Structures are given as C-alpha cells and as structure tokens.
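Chemist: Line by line, the protein sequences give chains A and B.
Under our numbering, think of the first position of the first sequence as 5, with each following residue one higher.
Under our numbering, think of the first position of the second sequence as 695, with each following residue one higher.
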Amino acid sequence: MTKAINLTLKVWRQQGPDLKGRLETYDAKNISTDMSFLEMIDVVNEKITLEGKEPIAFDNDCREGICGMCGAVINGRAHGPEKGTTLCQLHMRQFSDNDIIVIEPWRAKAFKVIKDLVVDRSALDKIIQAGGYISVNTGGAQDANSILVPQETAELAMDAAACIGCGACVAACPNASAMLFTSAKISQLALLPQGKPEAARRAIAMTRVMDKLGFGNCTNERECEAECPKEISITNIARMNREYLKASFISTVQ
Amino acid sequence: MQLDSKVPGGPLSEQWDKHRCELKLVNPANKRKFNIIVVGTGLAGGAASASLAELGYYVKTFCIQDSPRRAHSIAAQGGINGAKNYPNDGDSIQHLFYDTIKGGDFRARESNVYRLAQASVDIIDQCVAQGVPFAREYGGLLANRSFGGAQVSRTFYARGQTGQQLLLGAYSALSRQINAGKVEMFTRREMLDLVVINDQARGIIVRNLITGEIESHDADAVVLCTGGYANVFFLSTNAMASNVTASFRAYKKGAFFANPCFTQIHPTCIPVHGTFQSKLTLMSESLRNDGRVWVPKNPGDKRPANQIPESEREYYLENQYPSFGNLVPRDVASRRAKEQCDIGKGVGETGLAVYLDFAEAIERDGRDIIEKKYGNLFQMYEKITAENPYETPMMIYPAIHYTMGGLWVDYNLMSNLEGLFVLGEANFSDHGANRLGASALMQGLADGYFIIPYTIGGYLAGTSRKDITTDHPAFKDAVKMVKARMNNLLSIKGKRTVDDFHRELGLTLWEHCGMSRNEEGLKKAKEHIKGLQEEFWQNVTVPGREKDFNQSLERAGRVADFLEFSQVMIEDALERKESCGGHFNEAFQTDENEALRDDENFCHVSAWEFKGDDKDPEMHKEPLVFKNVELTQRSYK
Chain A
5 MTKAINLTLK VWRQQGPDLK GRLETYDAKN ISTDMSFLEM IDVVNEKITL EGKEPIAFDN
65 DCREGICGMC GAVINGRAHG PEKGTTLCQL HMRQFSDNDI IVIEPWRAKA FKVIKDLVVD
125 RSALDKIIQA GGYISVNTGG AQDANSILVP QETAELAMDA AACIGCGACV AACPNASAML
185 FTSAKISQLA LLPQGKPEAA RRAIAMTRVM DKLGFGNCTN ERECEAECPK EISITNIARM
245 NREYLKASFI STVQ
Chain B
695 MQLDSKVPGG PLSEQWDKHR CELKLVNPAN KRKFNIIVVG TGLAGGAASA SLAELGYYVK
755 TFCIQDSPRR AHSIAAQGGI NGAKNYPNDG DSIQHLFYDT IKGGDFRARE SNVYRLAQAS
815 VDIIDQCVAQ GVPFAREYGG LLANRSFGGA QVSRTFYARG QTGQQLLLGA YSALSRQINA
875 GKVEMFTRRE MLDLVVINDQ ARGIIVRNLI TGEIESHDAD AVVLCTGGYA NVFFLSTNAM
935 ASNVTASFRA YKKGAFFANP CFTQIHPTCI PVHGTFQSKL TLMSESLRND GRVWVPKNPG
995 DKRPANQIPE SEREYYLENQ YPSFGNLVPR DVASRRAKEQ CDIGKGVGET GLAVYLDFAE
1055 AIERDGRDII EKKYGNLFQM YEKITAENPY ETPMMIYPAI HYTMGGLWVD YNLMSNLEGL
1115 FVLGEANFSD HGANRLGASA LMQGLADGYF IIPYTIGGYL AGTSRKDITT DHPAFKDAVK
1175 MVKARMNNLL SIKGKRTVDD FHRELGLTLW EHCGMSRNEE GLKKAKEHIK GLQEEFWQNV
1235 TVPGREKDFN QSLERAGRVA DFLEFSQVMI EDALERKESC GGHFNEAFQT DENEALRDDE
1295 NFCHVSAWEF KGDDKDPEMH KEPLVFKNVE LTQRSYK
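(1) Would you kindly work out how many angstroms separate the C-alpha atoms of A:Lys-87 and A:Gly-80, rounded to a whole number?
(2) Which residues of the segment 174-205 of chain A have a Cβ closer than 8 Å to any Cβ of chain B? Give them in chain order.
(3) Would you say A:Thr-256 faces chain B, with C-beta separation under 8 Å as the test?
(4) Cβ closer than 7 Å: which chain B residues qualify as neighbours of A:Lys-119?
(5) For B:Ser-936, collect the residues of the same chain with a Cβ closer than 6 Å to its Cβ; drop the 5 residues on either side in sequence, then sort them by chain order.
(6) Would you list the one or two residues that DSSP bridges to B:Pro-1317?
(7) How big is the Cα-Cα spacing for B:Leu-717 and B:Asn-1082?
(8) Under a three-way DSSP split, which group does B:Val-1176 fall into?
(9) So the beta strand (DSSP E) A:Ile-60 belongs to, where does it begin and stop?
(10) Under 8 Å by Cβ, that's how I've got B:Asp-799 and B:Arg-1328 pegged, so tell me the actual separation to the nearest angstrom.
(11) In whole angstroms, what separates the C-alpha of B:Ala-1254 from that of B:His-1196?
(12) Mind pulling the alpha helix (DSSP H) runs of 4 or more residues that sit fully within the segment 773-859 of chain B?
(13) Using a Cβ-Cβ cutoff of 8 Å, what residues of the segment 739-761 of chain B are near chain A? List them in chain order.
(14) What does B:Tyr-1143 reach in chain A if we use C-beta pairs closer than 9 Å?
(15) Would you kindly work out how many angstroms separate the C-alpha atoms of B:Ile-1063 and B:Lys-1077, rounded to a whole number?
(16) Using the Cα positions of B:Ala-864 and B:Ala-1140, report the straight-line distance between them to the nearest angstrom.
(17) Given a cut-off of 8 Å, decide if B:Ser-980 and B:Gly-1215 are closer than it, judged by their beta-carbon atoms.
(18) Decide if the segment 238-245 of chain A is in contact with the segment 185-197 of chain A; the criterion is three or more beta carbon pairs, one per stretch, under 8 Å apart.
(19) Need the endpoints of the beta strand (DSSP E) that B:Gln-958 sits in, please.
(20) What is the DSSP secondary structure of A:Met-39, reduced to helix, strand or coil?
(21) Where in the segment 105-129 of chain A do unbroken runs of the beta strand (DSSP E), each at least 3 residues long, occur, reported from the N-terminal end onward?
(22) From the DSSP output, which residues share a beta bridge with B:Gly-1200?
(23) Note down the Cα distance separating A:Asn-10 from B:Ile-1002, rounded to an integer number of angstroms.
(24) Report yes or no: do the segment 1218-1234 of chain B and the segment 1275-1285 of chain B share at least 3 C-beta pairs separated by less than 8 Å?
(25) By the criterion of Cβ-Cβ separation under 8 Å, what are the contact partners of A:Arg-243 in chain B?
(26) Is it buried or exposed, A:Ala-76, if we count other Cβ atoms within 10 angstroms and call 16 or more buried?
(27) Any contact of the segment 127-138 of chain A with the segment 212-222 of chain A, i.e. 3+ C-beta pairs under 8 Å?
(28) Along the chain, where does the alpha helix (DSSP H) that runs through B:Tyr-1010 open and close?
(29) Any Cβ of chain A within less than 8 Å of the Cβ of B:Ser-869?
(30) Would you say B:Asp-760 and A:Met-73 are within 8 Å of each other, going by their C-beta atoms?
(31) Would B:Ala-802 be called buried (16 or more neighbouring beta carbons within 10 Å of its own) or exposed?
(32) Can A:Gln-155 and B:Arg-830 be called in contact, C-beta distance under 8 Å?
(33) Taking 8 Å as the cut-off, decide whether the C-beta atoms of B:Gln-958 and B:Tyr-1096 are in contact.
(34) Do the segment 938-956 of chain B and the segment 1146-1165 of chain B make contact, defined as three or more Cβ pairs closer than 8 Å?
(35) Which chain B residues sit within Cβ distance under 8 Å of A:Val-47?
(36) Mark A:Ser-187 as exposed unless 16 or more other C-beta atoms lie within 10 angstroms of its C-beta, in which case mark it buried.
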C-alpha cells in the first residue's frame, strides 16, 4: 500500500576532492513509499534548489539498475538495506516513518570523492584496460555457431558477466578490495573457450594493475558478495585465484 | 536544395559490395595521421571507436558518464536480431530487410535497411568472438527467440541483459585500444558545440563536467553517436542524462534534422505512479512471447485480476490480430492499449494500464522455465511495484522509448555537413516511422563495427582539408558562445527549477505530440512551449558555479535545448499530414483505426534546416524510392 512518510536525512556534503566534508541534516517530508530512493533525493534537491543553495550531487543515469552509475552507502550499507538491489531500484517502502537515514559516498583509497556523493571510479576502467577483453579486431570472426559453448558454461559466464561495475564491492569491503569486480571479468573470459588463449596473460595483467591502483587484498570477509546488487558470487574470486596461480606457475607469461 | 542520399545503383544485394569497392582507401601508414573524434560510447560509439583505432586512426572518444561502460545501450533487455536462420524457420537477409522496411511503415531508405540486414549476420559472429555470453541450447549452439513484427525466431539474447552484454563487448574492445594508446578517452565530458570550418566539421567544444573547464578539440572528422531525444518528453525509458544537445548543436551549425516527429512508444512499460516519478521503466518486449495481454470485457470492472473469470477477459490483441497476436509491432500494440483505456477498460489505480499475464505460460512450461527466460525482468517489476508477477499479472502501459528521427545522413552515414558522421539512434536512417524490437542494438553495432570503418576512409581519402588547430577563430567564437550561454543560465536566478520546466514540457508533448496527434493539439502545444521557453529564460533558477561540478547547470543546458528542439518536432508533426508508424495523426486512419499513409504526398524524408533563431526552419524533402518492395497497408491480422 502506498503511504507517505517523513524522514530525516544526514547527507555527506563535500565541496571538492581536497576539501573537508561533513554530514548535513535535511528533512524529507511527505515521501510516497512508491518512490525510489533517488526520487526521494530529487524531491529534497528541488527544495534545496528553490532555497538558492546547491543541491546534493549524486551520480545516477539509467535508474533501472543496470548502468552501474549510482551508488551510495545508506546507513552503513552499500546501495542500502535491500539485497540484490542498486540504489536506484531501492524503494522507499523499505523505510518507516520518522527514520533517520545516513547517506555517504563510497569510501576507498582508490575512489576519490569528486563532490558530495560523487566519487571517481576510473580505477575500475583501468583494471579492464589491462586485459579484460579478448584480443579480436573487428571483422573476420568465424561463424558464431562454430564455437560450441556448453549451456552450463555459458550460464556461469553470464553470472559473472552480469557485473555492472558500480564499485559497491569495494565500498563494502573492509580492505577496499576490488577482487570481486576483477574476478568477475577474469572468470567470464576464462570460462569461455574464446577467452582461453589469453587467460594467463589476462589474470596476471589485471591483478597487477588492481594492486597498483591501491585496492586492498581479499581476506574472505564476503561483504562484497553480500552487498553486490547483481549478487555476483565469490566463487569467482576463487576462480581468479586459480587462474592467477596457474598463470604464475605454469605459463610463460612474465 | 537537393539532398543527395548517395545510394549506389544496381541490385540491392550488390550495392554495399559495389560501394565498398568504389570507396577510396587510406594507406595504412597514413591512417595514424588522421584524427577522428567520436562522441558517445554506446553501441555505435564504442564499436566505432574501437574499430577505427584498430584500423590505425588516431581516435579521441568522449562520453558524458564517468565510464564508457555506462551508455544507455546498456539498458536494452530483450535481444538483437540477426538473419542467421539457425532455427531453420525460413529466415533470410531478404526477410529481415522486408520486416524492417514494413515495420517502419515504408518510411526508411531501402538501401540502408538492406545493408543493415546484411551486417546483422556479421555482428553475431563478432560479438561471440569477443566473449559475449549469449544464451545457448544444451548442445552448445546459440539460442534464439521471437520478437514483435516478425514470424521467425531471429533474436539472440543474453538473459534479459542483451544490451549490457553487447555494450560490455564494445567497451572491452574500446578498452583494449585505450590500453594500446590508440584511443584517447575523455570521460565526464559533454559536447556543447560543433565547430565547422570551410563547411566541414572540424571539431567540438566540450565541458569538463568535473572542473567546468571548456575545452576545444580539433579533428579531421567528427562522429556523433549521442543517442536519441526521447527525454524531451521528461518521462521516458531513457537514462537521465540522455539528451538532444549534441545533435541539436550540430543542427544549429547546419546539419539537417530528419523526421523529428517519428518517436516510438513502447507498449510494455511499468505504468506511471506519481508526480515525482523521474523516469519510466521498460519491460522487455520479449515478454510478449509468453505473456498474454488482456483487459476486463466490461468497462469499469475494478475487481482484482484473479477474480475476473476467463469468460470476462478480453485478449484484444489475439482477437484483433490472429496471425501476430501479442507480437504485433510496438506502435500497434501501444495504440490498442490506449484505446482500451480510453473506453474505460484500463486497470490499476489510475485506469491507465492493461494486464500482461503469464499464468498460462507458467502452467504450460513450469515456473522454472519462465524464471530462466525472464527472471531478472520479473524481479525488476517486483522491486518497482511490490507485486509478484508469478502470482498476479503484470500491469503495463505504453511509454516513450526510442526516437527514429535524428540527424539526416546519406548512405555513408555522413550528414549534409561534410565530415560530420552520425551513427546509431542519433541518425534517422534505418527504422522509418517505427522501429521493430531487437533492431536498435543491431543498428548501433552495424554502424559502428561494419559501416563507418569503410565510409570514413572514403571521406578522408577523397576530400582535402585545411590544416587547422584549435587556435582557429571558429573555435574561439564557439567557446565564447558556450560560455556566454552558461553565464546567462546562472545569472537568471528565477523562481522555477529546471526539472519543473522539463516536466511541464514533457506533459505538453505527451498530451499533444505523443501516441496520437491532431492539428489543433499540435498548434496548441507549439504556442504553449513558445511561452514556456520565454519563461525559462526569465525565471529558471540554476544554483552553483560555472567552474565546478554542477549538475543543475548541466541539466539547464539540456532542457533549454529540448525546449527549442521540441518546436521543430511539432512543426514536423504538423507538416506530415498522414499517419505512419509512430506518427499517428487522428485525421488519417483506416476504418480499423490503423495508421493511414499517404504515399502520394508523403513518401519522403523531411529534413529540417536551421535558418536562424527568429526564423522558422526550412524543410527539405528526400523522396523515398521503393524498387524492391511493394508499398502496402501494413497488416498484422
């Protein structure tokens, strides 16, 4: 049932990357429980704007849980309390009247705050650039059905490929590790026959860049898996570790 | 002015081969001397950037989001068409060509559409080679499903996330070229102007969205892959940042805008719930493979779906269109839904919804099978509506989804402005007045992977260009204009927010230039929007500073362009005195309320030329010549 609730927001406001930030309090009144979390912020922002002040900056785009652009830590949880949900798909029916909601940006050494809730996640792109691809040029590919992929393998690859690159795994991890993100791509491509020729090179190159960018190590806290909006499994991390070890010991890749 | 589409002669099936052979080539060693700017990193832009860089060109790529992986192509759910005929059900290139031409209500260029159908086959091969995890049969072969407007299964898919997987394929190819130093990637940049020197597109002006700096970039050619303009309606299924600014700035610099009134309404979206709704969510058309669309037989029947007995349900699509049933094209399905709601048979709180029911499919195939096919869509539905579609039928209603109109391009995908290429949804070329499902992904990738790599070479080798840098006065003037406009927006300090204006614009267009249109309404809308535009420039409030991360300022610029652009759109709708595809003018319909074309007077592309801020745009016609198909009244009965 639709109803209206009143909330108190404590929102991280930070004017720029090198400036000090702080939590500021805002009232969110008469919020319909059918609204999404971001629509609730829209309403608050309209009010701030009409007061002549700068509204809360936050990243968002598709608002249907697939682009990976949105994300914030809500009451200590990446993307909020609902499992398997991006912030844009979180609806206000998850909250109760008079709740206090603390909203903070992703916090990690590798993700610098740009403004308020907006962070720089370009480090994730750099990990992909290091080897998250199959080296084929456009044109000249063989007939698609000449590569057979068992259904089970295709499904496992798809499970890993569902990663939206939002960075919640990093934000949720006490070590700010990007292992879940990195392993999802390494797994997808290592599972498929097309990805096998470069598997060793890929595992080593991506892992090295990941380490260099300041992400922490995995200590099996499983927070990433718990908060991942696409419910990417940590078995991918195990597969990444295997791929990495295999590449380190029995391949010729330096 | 006569528009030259540069369509090659000869039989359709040989045109592209012949044309490729005639295009001039660029020597491999010379390719790196050419700078190419690509704006946008969706399927078209991502594919183009990667493919051009692989050939050896120096590519500068720009995107508005924080990463090239976020472009809105990512949200496409259902699938991509490819005339592979793997299921052996009679498909062919000719078939896909015909379905697309007919689906577009005979308002697209034959040669472009045929080439698209040809490329569809290569796209599937390319994507599989990249590691796109398409759905497979048990034997390891690729799986297919059906989509609207077709009677064969030619749609390849990766669960309900096909767009995501194809985009990540293009993004991975692009990432590889960035790593190789062949593509220079500029994220969080918004294109605010096109720079034209000696009648050739030579660069762009962008705003760095983090610092607010205005930057100039020069090039030998500019490739726009900036998507569609559905957000002119405020509520649409497009991402929040999707906008018309890049295309519209090019229009104001002389590029013609073609068929702006051809907008697509998608029949299966989650209905609107309230005033603060910020966007609409689409439920993939693939759901119509297994879902049955119905409304109560009796108007005003407010009982919950499960209490309405079978005998009192009306499966209006199956009844009216026995051969296509629930899989009629999008424009037809949308209008029929509106019709049912208009006569009081709509369901849900607002009465603006119809049911899409999976009970029979779940009974027939079992819940597991349905979950495997559509699990993520059902989950998404439940998150938004808090209703479980495995137990109660979904409620759906049409919403703006895609725009067939776009910048005019010739067969080479080059605009009337030399050196300006336009790809994907941003151009007008392949879908006529209505796009069939699973064709947008196909077009974006065809343009980016398989067409632009050839045609841009022909242009670069075949024309001469002056040596210029960003010191050229044309760049300086453009920067000055862009800055003045932003300062203007910031200095108004009025009483209404940008969103408030945008919402009013959207409602006006939805009412009068949406699913069905008439002359009186269109004129009223035009008048109203003129007033709204005036008020915007006097009463909008944009907080913050220019040289800063400022999302209000970004939005203000986009809405200002939407306000201006919408008037060209309405002008085009007024001018087209017929109904075709997504453009339904109530004065022109058949006895069965289907769109009634006027092939004698309107079998053309309307290309609009900007003539000045205080002047009406001028329309140019490109006649559409059909040599290979017979123009018929579309029938899906």
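Just so you know, even glycine gets a beta-carbon here, dropped at the ideal spot from N, CA and C.
This one's a predicted model, so the numbers in the text were calculated from it and none came from an experiment.
Modeler: Per the coordinate set shown:
(1) Taking the first residue of the first sequence as 1, we reach residue 87 of chain A at position 83. Taking the first residue of the first sequence as 1, we reach residue 80 of chain A at position 76. Each residue's Cα considered, the two are about 14 Å apart.
(2) Per Cβ criterion, the list reads Gln-192, Leu-193, Leu-196, Gln-198 and Gly-199.
(3) To locate residue 256 of chain A, count along the first sequence from 1; it is residue 252. Answer no: the Cβ-Cβ gap between A:Thr-256 and chain B never drops below 8 Å.
(4) Stepping through the first sequence from its first residue, residue 119 of chain A is reached at position 115. Residues of chain B passing the Cβ test: Phe-1243.
(5) Taking the first residue of the second sequence as 1, we reach residue 936 of chain B at position 242. Once the five neighbours on either side are set aside, the close Cβ partners of B:Ser-936 are His-766, Gly-921 and Asn-925.
(6) Locating residue 1317 of chain B in the second sequence gives position 623, where the first residue counts as 1. For B:Pro-1317, which the question treats as bridged, DSSP gives the partners B:His-1298.
(7) Along the second sequence, one-based indexing puts residue 717 of chain B at 23. Along the second sequence, one-based indexing puts residue 1082 of chain B at 388. One C-alpha to the other measures close to 56 Å.
(8) Start at 1 with the first residue of the second sequence, and residue 1176 of chain B comes out as number 482. B:Val-1176: helix per DSSP, three-state reduction.
(9) By one-based count along the first sequence, residue 60 of chain A stands at place 56. Neither: A:Ile-60 is in no beta strand (DSSP E) and is coded neither H nor E.
(10) Residue mapping note: residue 799 of chain B aligns to position 105 of the second sequence, counting from 1. Residue mapping note: residue 1328 of chain B aligns to position 634 of the second sequence, counting from 1. Contact flag correct, Cβ pair sits at about 6 Å.
(11) The residue given as residue 1254 of chain B occupies position 560 in the second sequence. The residue given as residue 1196 of chain B occupies position 502 in the second sequence. Going by the C-alpha atoms only, they are around 9 Å apart.
(12) 787-797 and 804-824
(13) Identification of residues in the segment 739-761 of chain B having a C-beta nearer than 8 Å to some C-beta of chain A yields Ala-741, Ala-744, Ser-745, Glu-748, Gln-759, Asp-760 and Ser-761, given in sequence order.
(14) Working through the second sequence from its first residue, we reach residue 1143 of chain B at position 449. Here the neighbours are Thr-142 and Gly-143.
(15) By one-based count along the second sequence, residue 1063 of chain B stands at place 369. By one-based count along the second sequence, residue 1077 of chain B stands at place 383. Distance between the alpha carbons of B:Ile-1063 and B:Lys-1077 is about 21 Å.
(16) Along the second sequence, read from residue 1 onward, the residue named residue 864 of chain B stands at position 170. Along the second sequence, read from residue 1 onward, the residue named residue 1140 of chain B stands at position 446. Approximately 12 Å between the Cα atoms of the pair.
(17) Along the second sequence, read from residue 1 onward, the residue named residue 1215 of chain B stands at position 521. Along the second sequence, read from residue 1 onward, the residue named residue 980 of chain B stands at position 286. It is not a contact, given that the beta carbons lie outside the stated cut-off.
(18) Using a C-beta cut-off of 8 Å, the segment 238-245 of chain A makes contact with the segment 185-197 of chain A, since at least three inter-stretch Cβ pairs fall below that distance.
(19) Residue numbering aside, residue 958 of chain B sits at position 264 when the second sequence is read from its first letter. Where B:Gln-958 is concerned, the enclosing beta strand (DSSP E) stretches over 957-963.
(20) For the purposes of this step, residue 39 of chain A is taken as the residue at position 35 of the first sequence. In the displayed model, A:Met-39 falls within coil according to three-state DSSP, outside both helix and strand.
(21) 116-119 and 122-124
(22) Within the second sequence, residue 1200 of chain B is the residue found at index 506, counting from 1. In the DSSP output, where bridge partners are listed per residue, B:Gly-1200 has none listed.
(23) In the first sequence, residue 10 of chain A corresponds to position 6, counting from 1. In the second sequence, residue 1002 of chain B corresponds to position 308, counting from 1. Rounded to whole angstroms, A:Asn-10 to B:Ile-1002 spans 37 Å at the Cα level.
(24) no
(25) Your numbering for residue 243 of chain A matches position 239 in the first sequence. Near A:Arg-243 there are no residues of chain B at all, since even the closest Cβ is about 15 Å away, more than 8 Å.
(26) Against the first sequence, residue 76 of chain A aligns to sequence position 72. Buried, since its Cβ has 16 or more Cβ neighbours within 10 Å.
(27) yes
(28) Your numbering for residue 1010 of chain B matches position 316 in the second sequence. Here the alpha helix (DSSP H) through B:Tyr-1010 covers 1010-1014.
(29) Your numbering for residue 869 of chain B matches position 175 in the second sequence. True, the Cβ-Cβ gap to chain A drops below 8 Å.
(30) Mapped onto the second sequence, residue 760 of chain B falls at position 66. Mapped onto the first sequence, residue 73 of chain A falls at position 69. Less than 8 Å separates the beta-carbon of B:Asp-760 from that of A:Met-73.
(31) As a first step, residue 802 of chain B is located in the second sequence; it is residue number 108 there, counting from the start. Buried, since its Cβ has 16 or more Cβ neighbours within 10 Å.
(32) Here residue 155 of chain A corresponds to residue number 151 of the first sequence, with the count starting at 1. Here residue 830 of chain B corresponds to residue number 136 of the second sequence, with the count starting at 1. Against a cut-off of 8 Å, the Cβ pair of B:Arg-830 and A:Gln-155 comes out as a contact.
(33) In the second sequence, residue 958 of chain B corresponds to position 264, counting from 1. In the second sequence, residue 1096 of chain B corresponds to position 402, counting from 1. It is a contact, given that the beta carbons lie within the stated cut-off.
(34) no
(35) Residue 47 of chain A sits at position 43 when you count from the first residue of the first sequence. Correct list: Phe-970.
(36) Position 183 of the first sequence, counted from the start, is the residue given in the question as residue 187 of chain A. Result: buried.
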